[in-house]
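Numbering (the working numbering), first residue to last: 108 to 391.
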Amino acid sequence: MSRIAYVNGRYVPHRAARVHIEDRGYQFADAVYEVIAIANGRLVDGGGHLDRLERSLRELRIAEPMTRRALEAVMAEVIRRNGIRNGSIYMQLSRGVAPRDHPFPANPRTQVVMTAKHGAPPSPKIAEDGVKVITQADIRWSRCDVKSVSLLPNILAKQAAREAGAYETFMVDRDGMVTEGSSTNAWIIDGDGALVTRPASNAILDGITRRRVIDLARQSGIKVVERPFSVDEMKRAREVFLTSTSAYVTPVTQVDDRTIANGKPGSTTLALRERYLAFMAQVA
Ligand code: PDD
108 MSRIAYVNGR YVPHRAARVH IEDRGYQFAD AVYEVIAIAN GRLVDGGGHL DRLERSLREL
168 RIAEPMTRRA LEAVMAEVIR RNGIRNGSIY MQLSRGVAPR DHPFPANPRT QVVMTAKHGA
228 PPSPKIAEDG VKVITQADIR WSRCDVKSVS LLPNILAKQA AREAGAYETF MVDRDGMVTE
288 GSSTNAWIID GDGALVTRPA SNAILDGITR RRVIDLARQS GIKVVERPFS VDEMKRAREV
348 FLTSTSAYVT PVTQVDDRTI ANGKPGSTTL ALRERYLAFM AQVA
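The structure is reproduced here in C-alpha cells:
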C-alpha cells in the first residue's frame, strides 16, 4: 500500500506531498504538532492529544483550521488510506503562508499536514535491558509547555545522546534539576518508594503518556509525587524511566557514567510498563 499524506484538504502520495516555501512553519518554526500512537487501528489517548493541540494553538494564537470533529475525520481517513493498524500519526499546523515578515500575517490561513506510519512497538529487549541516558544543560525557551515544531535544542540533545551511545538526553535546568528528555518525560522512584516526576509547568511538555502513567500508577496504589528532582538524586534513585507516545514506559539503567541501582530495570517501572501496554491494548 503506498503512503498517503494529507496536505491542506487533499490526500496526496507521500513522495509528492509539498508545502509552500513561505509556509511560516518552514521559515519561522511558527507551527505546532502532535504525534499520536495508533493501536489496533485506533488512536491512543486521542482526546488528550487533541486537547493539547488546541491549547498549543490557543497559546500561540494560531487559528483552529477546522472543528475537532472534522480534524478527527481527517485523521481517521489518513489512518484508513495508509492501512495502519499499529503505528503513529503526525500532524503539523502552521500559522499560514505569507511573504516573510515576523509579525503575524493579516489574514493567516492555518496550514494542516498529516502523515501516518506503521510502527512496531519498542523491542522487548529495551524493557529487559533498560537504556542509557546522558544529561545536558536545558538550553530551550521558557514555553516548553507548547508543542511547537521549534525543536532545535531537542535535536541537538538527541544527537548528543546518539553520539554517546545513549537512547536519550535528560535536560537539566540552572538549578541542577531535571526538566525532561529531548522527546520524553523523566521519572524516578525515590528513596521513599514514591513515583516522582516534575510537575507540569512551562518548563516541560505535559506528556499525554505522562498523564496516563500518573493515572495508572495511582490506580495501582503507587504514591505519585509531582516535584522536581536533581541529577544527583536521579543517580541515586531506586529506579529511573522515561515515557512518551513512541517509547511508552522505558526503563533507564544508566545515567551518564552511573549505573542505576543494580543495573536492571526496576520492578515498579516494569509493572507500570505492563499497565501501560494493557491500557493500549484495550483502546481498540
Ligand atoms: N515527543 N517531552 C517532549 C519534549 C516531547 O517532545 C515529548 C513527545 C514528550 C512526551 O509527550 P507524549 O507522552 O505526549 O508523547 C515529552 C513526541 C513523541 C515527538 O516529538 O516525536
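Backbone N, C-alpha and C fix where the C-beta goes; we use that ideal spot for every residue, glycine too. Bear in mind the structure is a predicted one, so any value in this text is a computation, not a measurement.
Identify which residue in the options has its Cα closest to the Cα of residue i.
i       : options                            : result
Ala-268 : Thr-291, Lys-254, Asp-280, Asp-252 : Thr-291
Phe-135 : Leu-167, Leu-150, Tyr-274, Leu-384 : Leu-167
Ile-111 : Glu-141, Ala-183, Pro-212, Arg-131 : Ala-183
Pro-229 : Ile-367, Ala-368, Leu-349          : Leu-349
Thr-222 : Gln-243, Asn-214, Ile-186          : Ile-186
Leu-258 : Gly-132, Ala-124, Leu-377          : Gly-132
Gly-116 : Ala-177, Asn-214, Asp-152          : Ala-177
Ile-145 : Pro-172, Thr-286, Thr-174, Ser-195 : Ser-195
Thr-375 : Arg-343, Val-303, Pro-215, Pro-206 : Val-303
Glu-270 : Ala-234, Asp-363, Ile-191, Glu-179 : Asp-363
Pro-215 : Ala-234, Pro-172, Thr-242          : Pro-172
Pro-206 : His-127, Arg-365, Tyr-274          : His-127
Met-278 : Ala-307, Ala-344, Thr-242          : Thr-242
Gly-154 : Leu-312, Glu-179, Tyr-274          : Glu-179
Thr-217 : Ile-143, Ala-385, Val-139          : Val-139
Glu-141 : Arg-325, Leu-312, Ala-385          : Leu-312
Taking the C-alpha atoms as reference points, what is the distance between residue i and residue j?
i       : j       : result
Tyr-118 : Val-219 : 12 Å
Ile-295 : Tyr-197 : 29 Å
Val-331 : Val-253 : 24 Å
Gly-300 : Asn-193 : 34 Å
Leu-157 : Glu-381 : 25 Å
Asp-208 : Lys-371 : 52 Å
Arg-250 : Pro-260 : 13 Å
Tyr-383 : Lys-232 : 17 Å
Gly-314 : Ser-351 : 7 Å
Asp-137 : Asn-369 : 45 Å
Tyr-113 : His-225 : 16 Å
Ala-170 : Glu-129 : 18 Å
Arg-334 : Asp-280 : 14 Å
Arg-162 : Ser-255 : 11 Å
Arg-149 : Val-390 : 7 Å
Asp-282 : Ser-337 : 8 Å
Ala-378 : Val-181 : 35 Å
Ala-388 : Gly-272 : 31 Å
Phe-211 : Ala-310 : 25 Å
Ile-392 : Met-284 : Since the first and last residues shown for the chain are 108 and 391, residue 392 lies out of range.
Pro-306 : Ile-329 : 17 Å
Thr-276 : Asp-297 : 20 Å
Ala-293 : Ala-124 : 35 Å
Arg-317 : Glu-287 : 11 Å
Met-341 : Pro-120 : 46 Å
Ile-143 : Lys-265 : 20 Å
With 16 other CB atoms within 10 Å as the buried threshold, where does residue i fall?
i       : result
Trp-248 : exposed
Ala-263 : First, the residue type needs correcting, since residue 263 is Leu and not Ala in the sequence shown. Exposed is the call here.
Glu-346 : buried
Ser-327 : exposed
Asn-147 : exposed
Asn-189 : buried
Ala-227 : exposed
Asp-245 : buried
Ser-289 : buried
Ala-213 : exposed
Ala-354 : buried
Asp-339 : exposed
Asp-152 : buried
Met-108 : exposed
Arg-165 : exposed
Arg-159 : buried
Gly-373 : buried
Phe-234 : Rather than Phe, the amino acid found at residue 234 in this sequence is Ala. Buried is the call here.
Thr-174 : exposed
Arg-122 : exposed
Arg-365 : exposed
Ala-344 : buried
Using a Cβ-Cβ distance under 8 Å, would residue i count as near chain B?
i       : result
Tyr-140 : Here there is only one protein chain, and chain B is not present.
Is the beta carbon of residue i within less than 7 Å of some heavy atom of ligand 3?
i       : result
Leu-302 : As for ligand 3, it is missing from this structure, which binds only ligand 1.
Across the segment 319 to 338 and the segment 197 to 204, are there enough close Cβ pairs to call them in contact, namely three or more that are closer than 8 Å?
Taking 8 Å as the limit for Cβ pairs, the verdict is that the segment 197 to 204 does not touch the segment 319 to 338.
Any chance you could list the residues with Cβ under 6 Å from a heavy atom of ligand 1, keeping chain order?
That gives Val-142, Asn-261, Glu-287, Ser-290, Thr-291, Asn-292, Leu-312, Gly-314, Ile-315, Thr-316, Arg-317, Thr-350, Ser-351, Thr-352, Ser-353.
Report yes or no: do the segment 234 to 249 and the segment 349 to 362 share at least 3 C-beta pairs separated by less than 8 Å?
Contact between the segment 234 to 249 and the segment 349 to 362 is present, because at least three Cβ pairs lie under 8 Å.
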